[in-house]
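Only one structure is covered here, and it is reproduced in the block below.
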């Protein structure tokens, strides 16, 4: 009988459940699955979004490029991990922004809660404070360190991470400069607050970047068949970095 309930009634019932229960409900039958998966702005996802996300995030424009309630929940589950970062940083109450404490002679980073070993994924990163001498965005395996002594390009310093230093536009991997990026004459430098979109394609095993609506090109090819996490590393005291997962990239 429950499987025959109208979608509006099911939506009302589902709006009281948490994510784990909703996942189990989606497995009950096709009708329940389509009720939950078909509309990402339904009342079910709206109420779960309100219950799950920090109020600071919902009040701000951090999620302005995530149009659906289900997408916002997904973004929060893919945000920076407070348990997988340098001891010199913390995640702010909004759940999406990393704050680096003013610790001398230290480079500090953070990974997200969830990594990717398949599929195509995109996310936005932007700096909300000075870059300092090194400010790197990119990806890392679980084995890459998230803290080291001195002011260095931590992300890209070994064979477990790949990064783009926004200060000098160098690509970094395995402790070496892999080239300048983007590959054009007089490439503009990053401006504070500018949103950079990162595209990880685990099918083609590439990492690419976009600035605004401009595709900057593929930065890294031949990525390993491993679980790769969005990551950043920073050196400037009290600087803040925000990362928002967008889901599958829009081609074209």
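Residue numbers (this note's numbering): 656 to 907.
Just so you know, even glycine gets a beta-carbon here, dropped at the ideal spot from N, CA and C.
Exercise. Should residue 820 go down as buried or exposed, given a rule of 16 or more other Cβ atoms within 10 Å for buried?
Worked result: Here the question's residue 820 lines up with position 165 in the chain shown. Burial of residue 820 is indicated by the presence of at least 16 other C-beta atoms within 10 angstroms of its C-beta.
For this session: Please determine if the stretch 858 to 869 and the stretch 713 to 730 are in contact, where contact requires at least 3 C-beta pairs separated by less than 8 Å.
Result: At 8 Å Cβ cutoff, the stretches do not touch.
Exercise. How long is the line joining the alpha carbons of residue 817 and residue 876, rounded to whole angstroms?
Worked result: Position 162 of the chain shown, counting from 1, holds the residue named residue 817. Position 221 of the chain shown, counting from 1, holds the residue named residue 876. Cα to Cα, residue 817 sits roughly 10 Å from residue 876.
Exercise. Is it true that the stretch 831 to 839 meets the stretch 852 to 860, where meeting means three or more beta-carbon pairs spaced less than 8 Å apart?
Worked result: At 8 Å Cβ cutoff, the stretches do not touch.
Exercise. Where DSSP assigns a beta bridge to residue 882, which residues make up the other side?
Worked result: For the purposes of this step, residue 882 is taken as the residue at position 227 of the chain shown. In the DSSP secondary-structure assignment, residue 882 is not bridged to any residue.
Exercise. Which residues does DSSP pair with residue 746 in a beta bridge?
Worked result: Here residue 746 corresponds to residue number 91 of the chain shown, with the count starting at 1. DSSP lists 753 as the bridge partner or partners of residue 746.
Exercise. Going by beta carbon distance, what residues of the same chain come within less than 8 Å of residue 724, once the five residues before and after it are set aside?
Worked result: Residue mapping note: residue 724 aligns to position 69 of the chain shown, counting from 1. If the five residues before and after residue 724 are omitted, its C-beta is found closer than 8 Å to the C-beta atoms of 695, 696, 697, 700, 701, 703 and 704, all from its own chain and listed in chain order.
For this session: State the DSSP-derived secondary structure class of residue 852, mapped to helix, strand or coil.
Result: Start at 1 with the first residue of the chain shown, and residue 852 comes out as number 197. Annotated three-state conformation of residue 852 is strand, per DSSP.
Exercise. Exposed or buried, which one is residue 716 when buried takes at least 16 other CB atoms within 10 Å?
Worked result: What you label residue 716 is simply residue 61 of the chain shown in a count that begins at 1. When all chains shown are included, residue 716 counts as exposed.
Exercise. Are at least three pairs of beta-carbons, each pair with one atom in the stretch 837 to 845 and one in the stretch 765 to 775, less than 8 Å apart?
Worked result: As far as the Cβ criterion goes, the stretch 837 to 845 does not touch the stretch 765 to 775, which means the pair count is below three.
For this session: Compute the Euclidean distance between the alpha carbons of residue 756 and residue 822, then round it to the nearest angstrom.
Result: In the chain shown, the residue the question calls residue 756 occupies position 101. In the chain shown, the residue the question calls residue 822 occupies position 167. It is roughly 20 Å from the alpha-carbon of residue 756 to the alpha-carbon of residue 822.
For this session: Could you give the DSSP three-state label for residue 707: helix, strand or coil?
Result: Locating residue 707 in the chain shown gives position 52, counting from the first residue. If DSSP states are grouped into helix, strand and coil, residue 707 belongs with the helices.
Problem set entry | residue 873 (DSSP reduced to helix, strand or coil) | One-based indexing of the chain shown puts residue 873 at position 218. In the three-state reduction of the DSSP assignment, residue 873 falls in the strand class.
Exercise. Buried or exposed: which applies to residue 734, given that a residue is buried once 16 or more other Cβ atoms fall within 10 Å of its Cβ?
Worked result: Numbered from 1 along the chain shown, position 79 holds the residue referred to as residue 734. Residue 734 should be labelled buried.
For this session: Look at the Cβ atom of residue 899, then the Cβ atom of residue 718, and state whether they are nearer than 8 Å.
Result: Locating residue 899 in the chain shown gives position 244, counting from the first residue. Locating residue 718 in the chain shown gives position 63, counting from the first residue. Closer than 8 Å, so yes.
Problem set entry | Range of the contiguous alpha helix (DSSP H) that encloses residue 794 | As a position in the chain shown, residue 794 is number 139, starting the count at 1. Segment 790 to 795 is the beta strand (DSSP E) holding residue 794; no alpha helix (DSSP H) there.
For this session: Select from 769, 806, 794 and 800 the residue whose C-alpha is nearest the C-alpha of residue 787.
Result: Within the chain shown, residue 787 is the residue found at index 132, counting from 1. Taking only the C-alpha atoms, the option nearest residue 787 is 806.
Problem set entry | Reference residue 860, options 752, 811, 882 and 722, closest by Cα | Stepping through the chain shown from its first residue, residue 860 is reached at position 205. For residue 860, the nearest C-alpha among the options comes from 882.
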